[in-house]
Amino acid sequence: MFGYYLDLALRSLKRNKVLTALMVLAIAVGIGACMTTFTVLHVLSGDPLPGRSSALYYPQIDPQDASGMMPGTMPPLQVTLIDGMNLLRARRADRQALMTGGAVPIHPDSSSLDPFYVEARYTTADFFAMFEAPFLYGHGWTGADDEAHARDVVITRKLDEKLFKGADSTGRTLRVGGSTFRIVGVLDSWRPNPHFYDLTTGSYNYYDEVFIPLQTALELHYDHNGSNDCWGNGTGGAGGIYPSATCVWLQYWVELDTPAKAAAYTQYLVHYSEEQKALGRFERSPNVRLDNLMQWLDYNGVVPSDVRLQAWLALGFLLVCLVNTVGLMLAKFLRRSGELSVRRALGASKRALFAQLLTESAVVGLAGGVGGLLLALLGLWLVRHRSSDYAALAHLDPVMLLATFALAIGASLLAGILPAWRASKVAPALQLKSN
Amino acid sequence: MDILPILATLRRHKMIIWLLVLEIALSCAIVCNGVFLIVQRMQHMEMPSGIAEHELVQIQQAPIAPPSDRYARAQEDVAALRQIPGVRAVGMTNQLPFSGYSSNGGVMLSPTQPHRTLNAATYFGGNLLPTLGLHLVSGRDFASDDYVNADAILKSLANGSGKGFPMPTIISSTLAERLWPQQSPLGKLIWLAPKASFRVVGVVATLARANAYNTATAQYSMIVPLHMGADKDQSYLLRTRSQDRQRVLAAAVAALKRADPARVITHTRTYDQIRSDYFKDDHAMAGILISVIVALLLVTGLGIAGLASFWVAQRRKQIGIRRALGATRTDIVHYFQTENFLIVTFGIVIGMVLAYGLSLWLMMHYELPRLPLSYLPIGAVALWLVGQLAVLGPALRAAAVPPVVATRSV
Numbered sequence: 031m032f033g034y035y036l037d038l039a040l041r042s043l044k045r046n047k048v049l050t051a052l053m054v055l056a057i058a059v060g061i062g063a064c065m066t067t068f069t070v071l072h073v074l075s076g077d078p079l080p081g082r083s084s085a086l087y088y089p090q091i092d093p094q095d096a097s098g099m100m101p102g103t104m105p106p107l108q109v110t111l112i113d114g115m116n117l118l119r120a121r122r123a124d125r126q127a128l129m130t131g132g133a134v135p136i137h138p139d140s141s142s143l144d145p146f147y148v149e150a151r152y153t154t155a156d157f158f159a160m161f162e163a164p165f166l167y168g169h170g171w172t173g174a175d176d177e178a179h180a181r182d183v184v185i186t187r188k189l190d191e192k193l194f195k196g197a198d199s200t201g202r203t204l205r206v207g208g209s210t211f212r213i214v215g216v217l218d219s220w221r222p223n224p225h226f227y228d229l230t231t232g233s234y235n236y237y238d239e240v241f242i243p244l245q246t247a248l249e250l251h252y253d254h255n256g257s258n259d260c261w262g263n264g265t266g267g268a269g270g271i272y273p274s275a276t277c278v279w280l281q282y283w284v285e286l287d288t289p290a291k292a293a294a295y296t297q298y299l300v301h302y303s304e305e306q307k308a309l310g311r312f313e314r315s316p317n318v319r320l321d322n323l324m325q326w327l328d329y330n331g332v333v334p335s336d337v338r339l340q341a342w343l344a345l346g347f348l349l350v351c352l353v354n355t356v357g358l359m360l361a362k363f364l365r366r367s368g369e370l371s372v373r374r375a376l377g378a379s380k381r382a383l384f385a386q387l388l389t390e391s392a393v394v395g396l397a398g399g400v401g402g403l404l405l406a407l408l409g410l411w412l413v414r415h416r417s418s419d420y421a422a423l424a425h426l427d428p429v430m431l432l433a434t435f436a437l438a439i440g441a442s443l444l445a446g447i448l449p450a451w452r453a454s455k456v457a458p459a460l461q462l463k464s465n
Numbered sequence: 023m024d025i026l027p028i029l030a031t032l033r034r035h036k037m038i039i040w041l042l043v044l045e046i047a048l049s050c051a052i053v054c055n056g057v058f059l060i061v062q063r064m065q066h067m068e069m070p071s072g073i074a075e076h077e078l079v080q081i082q083q084a085p086i087a088p089p090s091d092r093y094a095r096a097q098e099d100v101a102a103l104r105q106i107p108g109v110r111a112v113g114m115t116n117q118l119p120f121s122g123y124s125s126n127g128g129v130m131l132s133p134t135q136p137h138r139t140l141n142a143a144t145y146f147g148g149n150l151l152p153t154l155g156l157h158l159v160s161g162r163d164f165a166s167d168d169y170v171n172a173d174a175i176l177k178s179l180a181n182g183s184g185k186g187f188p189m190p191t192i193i194s195s196t197l198a199e200r201l202w203p204q205q206s207p208l209g210k211l212i213w214l215a216p217k218a219s220f221r222v223v224g225v226v227a228t229l230a231r232a233n234a235y236n237t238a239t240a241q242y243s244m245i246v247p248l249h250m251g252a253d254k255d256q257s258y259l260l261r262t263r264s265q266d267r268q269r270v271l272a273a274a275v276a277a278l279k280r281a282d283p284a285r286v287i288t289h290t291r292t293y294d295q296i297r298s299d300y301f302k303d304d305h306a307m308a309g310i311l312i313s314v315i316v317a318l319l320l321v322t323g324l325g326i327a328g329l330a331s332f333w334v335a336q337r338r339k340q341i342g343i344r345r346a347l348g349a350t351r352t353d354i355v356h357y358f359q360t361e362n363f364l365i366v367t368f369g370i371v372i373g374m375v376l377a378y379g380l381s382l383w384l385m386m387h388y389e390l391p392r393l394p395l396s397y398l399p400i401g402a403v404a405l406w407l408v409g410q411l412a413v414l415g416p417a418l419r420a421a422a423v424p425p426v427v428a429t430r431s432v
């Protein structure tokens, strides 16, 4: 039966080529616009560490002075160096890492390469295990290396290829600024997007190339990048002059494997704040937050609001395209009332007519879906050639590919139901009398 | 033209008419708000910076190893850059209008007030007024003995001595008007921290901040005569004639390399590039909005044309009868035009309500002002035009139906 309906549908669509093309085009353009914007939204709001993100938390405490305090204000987005080191050394979580961003000059041994600057991450030992950074060669450094201000460095595969032509460079030396470091590990391609562990450097398309123990970097006064917020007489510093003690400029992450541990850690942060207040360092009553990774991204609004607006815009556009198609299909079906009533008179049930007409709209939907997919690929190609930070990330993944087809078929069936239902209500033979 | 018979006919196609009205209403709502968003973006992109944009180039450099004296390094560099033919002024700065990376401070009108009055951009650097081409409206530019090295000031703040303060500062006229409305700001004091006070010695007409998200606060800026030294985050600025920019940029890079080979030039660009980089997302968004509006009107137009063609085909016989009874071709064309006008007008009326609702929704989710009523006619005119254009072809085809059709059976 379906084969017969399909045959009827194709015949009917062929009879009125311009109209068919119009309906297919309307659906294709609507679906194409939606899929392009939804894919960008999907890519940008994705989980950078699937499966692990729920165990990673970003603690916030409030070390600011009492002036300007208002109830309900959120604690600062980063921590001071002293609080960061206190929390790190307390080791109350399963794993913890304190970090900040910077840029360092690399002085290659080979004379064919000019010195160049790379983005650097100054962090502590647990960083790699916590964020499951994949090692190609070697490993990270240890907590003891942190305290010893070890001249150890982890580099990325990209830098390894540039400097050592991709060979295992662990154990070799790297000149960073004026100092000589020992390479202990090489990370395989690892480009988390968004750059979740430090959102102050830009959320997308920001990649660290070298990882240096935090205390080593501070001792050598390497340049600090990223934002800082100060209060009292605090000053933000510049380059190798670090922000003062009344500034927040580091990020602190902890790993807590169970919700119970997370609750206990929140208690610990409150306790720490009270203790600091008793010591006279903190002036405010405890004001703490503990977001997990996805909550933290959401809280910071990492997905650009323009991208959301574009998705809504495309959805509105698809809606207009669909209403347009419904109207055209309805006009088309009603015009065939004569043919339909003959079929009714010859014994076809309403349901049979409905199925026949729905088949026709599904064919239009399928063609529109294929067209929409092609347009989405074109749209994403256009997005990739824009200069936004996230442009390079705009690729269609299998999930979105399936979603495109589901949306196309669903949308056109939805568009077909009303006209098909309306047209299948035709009374048998009544139409035969006129004309 | 008699409207009643048209209305009577329309009543026979209720469902299709409703769909058409809905489509027109949705298009109208999206077009009104879309045009408003485009105008907003364009106004944002035209935000004044206050500087001689087409005459500036920026160079950022970084040492391979920390220099023994970054202030001396900067002085030598500036002297070398001044020697380049065609350079009219050389300055240093920590930021530029619309450069993205910003340095800001919380401004207070007394050292003890609990809340900051406002947040302003803090420009640190040297020789900024002549180099940026800022327009001084009152007071004076900095003298050479106003300048202090950053280390000294940081030290004074760290030990709480307050030595070196108050420092002189030049502020933008917008900031002056906000802090002291209707008063002369010259000689007045502001504080960035309890020990860090600044005395206003000059006012410039306009100077936008580096991250000018918000039009209301985009011009809150102050300049402090602070030498920051040669550093990765500082920029050398060169002012030159616009046609000399590329040549001067190349010569400047060579001069800096000559003055100290042990460094990396990290960025070189003209100010025009900085501006277009900063507004690239707004530019893209305006482009997307325009494309969507055009596509939307096209789809709506084609939909109207498609349905009108159907009706013409369906009513061939009636048209023939009307023609046979004495209606002219013009009457037939007018009939379809009036019918379309009625449907579109009905759609527009509903569309206006939807446009208003959409605007309220946008205000809730995005930082947008309410849709001004003056934008509503834009959507109306656009859809009337599209409707009339779309119906013209089918109407002319209807007018071409010969009266003889009336006498034929099918």
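Those protein sequences? They're chains A and B, same order as listed. In short: position in the first sequence from 1, add 30, done, that's this note's numbering. In short: position in the second sequence from 1, add 22, done, that's this note's numbering. Where a beta carbon is used, it is the ideal one built from N, C-alpha and C, also for glycine. Please read all numbers here as calculations on a predicted model, not as lab measurements.
Closer than 8 angstroms at the C-beta level to chain A, one finds these residues of the stretch 71-98 of chain B: 84, 85, 86, 87 and 88. Cβ-Cβ distances below 7 angstroms link residue 164 of chain A to 217, 218 and 220 in the same chain, with the five nearest sequence neighbours on each side left out; the list follows chain order.
Note that the C-beta distance between residue 83 of chain A and residue 333 of chain A is not below 9 angstroms. In terms of Cβ geometry, residue 413 of chain B and residue 359 of chain B form a close pair [threshold 9 angstroms].
Using a Cβ-Cβ cut-off of 9 angstroms, residue 361 of chain B does not count as an interface residue toward chain A, since no Cβ of chain A sits closer than that to its own. Residues of chain A whose Cβ lies closer than 8 angstroms to the Cβ of residue 310 of chain B are, in chain order, 340 and 343.
For the pair residue 280 of chain A and residue 405 of chain A, the CB atoms are not nearer than the 9 angstroms cut-off. Restricting attention to A:360, A:225, A:320 and A:378, the CA atom closest to the CA of residue 50 of chain A is found in A:360. It is roughly 54 angstroms from the alpha-carbon of residue 301 of chain A to the alpha-carbon of residue 161 of chain B. Here the alpha carbon of residue 146 of chain A sits roughly 15 angstroms from the alpha carbon of residue 186 of chain A. Within the stretch 168-244 of chain A, the complete beta strand (DSSP E) segments at least 3 residues long are 182-186, 203-206, 209-217 and 240-243, listed from N- to C-terminus. In the DSSP assignment, residue 88 of chain A falls within the beta strand (DSSP E) that extends over 86-90. For residue 135 of chain B, the secondary structure class from DSSP, reduced to helix, strand or coil, is coil. Exclusion of the five residues before and after residue 102 of chain B leaves 277, 278, 280 and 281 as the residues of its chain whose Cβ lies within less than 8 angstroms of its Cβ. The alpha-carbon separation between residue 207 of chain B and residue 159 of chain B amounts to approximately 12 angstroms.
Around residue 286 of chain B, the beta-carbon contacts reaching into chain A at under 9 angstroms are 135, 144, 145, 146 and 147. Assignment of residue 213 of chain B by DSSP, reduced to helix, strand and coil, places it in the strand class. DSSP links residue 82 of chain B through a beta bridge to B:257 and B:289. Annotation for residue 117 of chain B: no alpha helix (DSSP H) segment contains it, and DSSP assigns it neither H nor E. Under the three-state reduction of DSSP output, residue 126 of chain B falls in the strand class. Contact annotation: the stretch 402-422 of chain B touches the stretch 325-342 of chain B, with at least three C-beta pairs closer than 8 angstroms.
The beta carbon of residue 231 of chain A lies closer than 8 angstroms to those of 131, 149, 225, 255 and 256 in the same chain, with the five residues before and after it left out. Within chain B, the C-beta atoms nearer than 7 angstroms to that of residue 417 of chain A come from 302, in chain order.
At least one C-beta of chain B is nearer than 9 angstroms to the C-beta of residue 448 of chain A. For residue 388 of chain B, no alpha helix (DSSP H) run applies, since DSSP gives it neither H nor E.
At least one C-beta of chain A is nearer than 9 angstroms to the C-beta of residue 49 of chain B.
From the listed residues B:182, B:109 and B:304, the smallest Cα separation to residue 262 of chain A is found for B:182. Taking residue 146 of chain B as the centre and dropping the five residues before and after it, the same chain places the C-beta of 116, 246, 248 and 250 closer than 6 angstroms to its C-beta, in chain order. Residue contact check for residue 307 of chain B against chain A: a CB pair falls below 9 angstroms. Under a 10 Å Cβ-count criterion, residue 167 of chain A is classified as buried, with 16 or more other Cβ atoms of the shown protein chains found around its own Cβ. Residue 255 of chain A is bridged by DSSP to A:131. Exclusion of the five residues before and after residue 164 of chain B leaves 247 as the residues of its chain whose Cβ lies within less than 6 angstroms of its Cβ. With a cutoff of 9 angstroms on beta-carbon distance, residue 273 of chain A and residue 260 of chain A are scored as near each other. From the beta-carbon of residue 388 of chain B, the residues of chain A found nearer than 8 angstroms are 335 and 339. Residue 401 of chain B has its alpha-carbon roughly 30 angstroms from the corresponding atom of residue 70 of chain B. A residue is called buried once 16 or more other Cβ atoms fall within 10 Å of its Cβ, and residue 417 of chain A, having fewer, is exposed.
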